[in-house]
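Residue 1 is where the sequence shown starts when you use the UniProt record's numbering, and the numbers rise one by one after that.
Where a beta carbon is used, it is the ideal one built from N, C-alpha and C, also for glycine.
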Amino acid sequence: MELEIKNLTKQYNKGKIGLADFSVSIGKGILGLLGPNGAGKSTLLKIIASISKPTGGTIFVNGENIIKNPNAIRKILGYLPQDFGVYPNLNAYEFLTYMAALKGIGGHGLKKRIEILLDGVNLTADAKRPIGSYSGGMKQRVGIAQALLNDPKVLIFDEPTVGLDPEERVRFRQLISEMANNAIVILSSHIVSDIETIADEVAIMKNGMLIDKGSPAAITKKMEGKVFETSIPHAELDGFRSKHLVTDMSKQPDHINLRYISDTSHGNANIKGVNPGLEDAYLYLTQKQY
Ligand SMILES: Nc1ncnc2c1ncn2[C@@H]1O[C@H](COP(=O)(O)OP(=O)(O)OP(=O)(O)O)[C@@H](O)[C@H]1O
Ligand SMILES: [Mg+2]
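Dropping the structure here:
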C-alpha cells in the first residue's frame with residue numbers, strides 16, 4: 001500500500017487556506033498527524049477520504065489517481081470524521097448493521113464481524129440500547145467501530161480519542177494495532193501523548209504545510225541538547241517566557257519549575273539539561289516562525 005500526496009492545495013472561499021502545496025508519501029503502518037487547531041488536518045483527511053475536492057494537486061493510491069477516480073479509495077476506506085454523528089434511535093448493533101448495508105457489506109460473516117467490533121470498542125453490554133442514551137465517549141467508540149466494518153486498507157481517524165477516558169484510549173490503541181494489519185492508518189490529534197506511543201511515524205502540520213515527518217524517536221532526537229529545566233521566582237515568569245519557549249511548568253508556593261527550549265545552555269548551576277520528548281519537539285516545531 002502506498003498513498004502518494006502531491007502538491008495538494010485547498011483554498012476555501014474568502015481566501016482561507018486549508019492546505020498549501022502539501023506533499024507527503026505514506027506507506028503501510030500508523031501515521032500520527034499532529035498539528036494545532038486550524039493546521040489543516042481535517043482538510044487533508046477529508047480530501048483523502050474523497051468527500052472534499054482539492055483546488056490543486058493529486059493523490060495516488062497504489063498508482064491510481066483518486067481525485068479523478070474516487071471510487072478507487074472509497075471501496076478500501078474506513079473513515080471516522082471529526083464531526084461524526086449517529087442516529088440516536090438505533091442501538092449500536094442496528095447502527096453497525098445499517099452502515100454495513102450502506103457500504104455493501106453482507107454475508108454470513110457480518111454478524112460475527114459486528115460482534116467482534118462491538119467487543120473491541122467495549123460496547124457489547126450496551127449494544128442493545130439506543131445510541132441517543134450513550135455518553136460522548138461511547139458514541140465516539142461506535143464511530144471507531146463503523147470505520148473498521150469493511151476491513152479497510154486505508155483507515156482514517158480524525159481526532160479518534162477525543163472524549164475517550166484513559167482506559168478506552170489504551171483499548172483504542174490495542175484495537176488499531178490488531179485491526180490495522182497491512183493497512184495505511186492515519187490518526188489525527190493535537191495531543192502528542194495520544195499519538196506518541198501508537199504511531200510508527202509522525203507528520204507535523206501547521207498553516208496547511210508539512211513541517212516535519214519521521215519516527216517519534218527521530219523527530220525527538222533533533223531536540224537533544226536543547227531542552228532544560230530550571231526554577232524561577234513567580235515575578236520572572238513573563239520575562240522568561242518572552243525569551244524562551246516553555247514546554248511545561250508547575251507552580252509551587254515560592255517558585256515555578258519550568259521546562260523550556262533553548263539553543264544554548266547557559267552554564268548556570270540552577271539549569272539542568274534533560275532528555276527531550278516528542279512534546280518538546282512538537283511545541284518547538286509548531287511555535288517556531290516560518
Ligand atoms: N468549510 C470551510 N470554509 C472555510 N474555511 C475553512 C473550512 N474548513 C476549514 N477551513 C479553514 O481551513 C483551515 C484548516 O482547517 P482544518 O479544519 O483543516 O484544521 P484542523 O487542523 O483540522 O483543526 P482542528 O484541530 O481544529 O480540527 C482553518 O483556517 C479553517 O478555518
Ligand atoms: Mg480538524
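Proximal residues to residue i (C-beta, below 7 Å), its chain only, five neighbours per side dropped
i, result
"L110", "A100"
"N150", "G78, K103, I105"
"I195", "G32, L34, L187, S189, V202"
"T283", "At residue 283 the sequence reads Leu, which differs from the Thr that was named. Result list for L283: L245, T247, in chain order."
Nonlocal neighbours in the same chain, by C-beta distance under 8 Å from residue i, ignoring five residues either side
i, result
"H255", "S231, I232, P233, H234"
"L210", "F22, S23, V24, A203, I204"
"G214", "E201, V202"
"A147", "G78, Y79, L80, L155, I156, F157"
"P54", "L8, T9, K10, L19, I47, I67"
For residue j and residue i, the rounded distance between their alpha carbons
i, j, result
"T124", "E115", "7 Å"
"S42", "A269", "45 Å"
"V192", "L45", "18 Å"
"G225", "Q252", "26 Å"
"L96", "S177", "21 Å"
"R129", "G85", "17 Å"
"D165", "S135", "11 Å"
"K243", "I26", "37 Å"
"Y87", "N122", "19 Å"
Same chain, Cβ closer than 6 Å to residue i, five either side skipped, listed in chain order
i, result
"P81", "D158"
"H257", "Correcting the residue identity first, residue 257 is Asn in this sequence and not His. Contacts found: S231, S250."
Residue j beta carbon less than 9 Å from that of residue i
i, j, result
"L278", "I30", "no"
"I67", "I59", "yes"
"E167", "R141", "no"
"P48", "L3", "The identity of residue 48 in the sequence shown is Ile, whereas the question assumes Pro. For I48 and L3, yes; Cβs fall inside 9 Å."
"P36", "T286", "yes"
"F172", "I131", "no"
"V274", "E229", "yes"
"G137", "G107", "no"
"A127", "L155", "no"
"G40", "N7", "no"
"A183", "K28", "yes"
Residue i: CB within 8 Å of a non-hydrogen atom of ligand 2
i, result
"S135", "no"
"S52", "no"
"Q287", "no"
"Q140", "no"
"Q146", "no"
"D151", "no"
"E2", "no"
Short CB-CB distance (under 9 Å) between residue i and chain B
i, result
"R74", "Here there is only one protein chain, and chain B is not present."
Cβ-heavy atom distance, residue i to ligand 1, below 8 Å
i, result
"Y282", "no"
"N122", "no"
"M223", "no"
"S42", "yes"
heavy atom of ligand 3 below 8 Å from residue i C-beta
i, result
"P36", "As for ligand 3, it is missing from this structure, which binds only ligand 1 and ligand 2."
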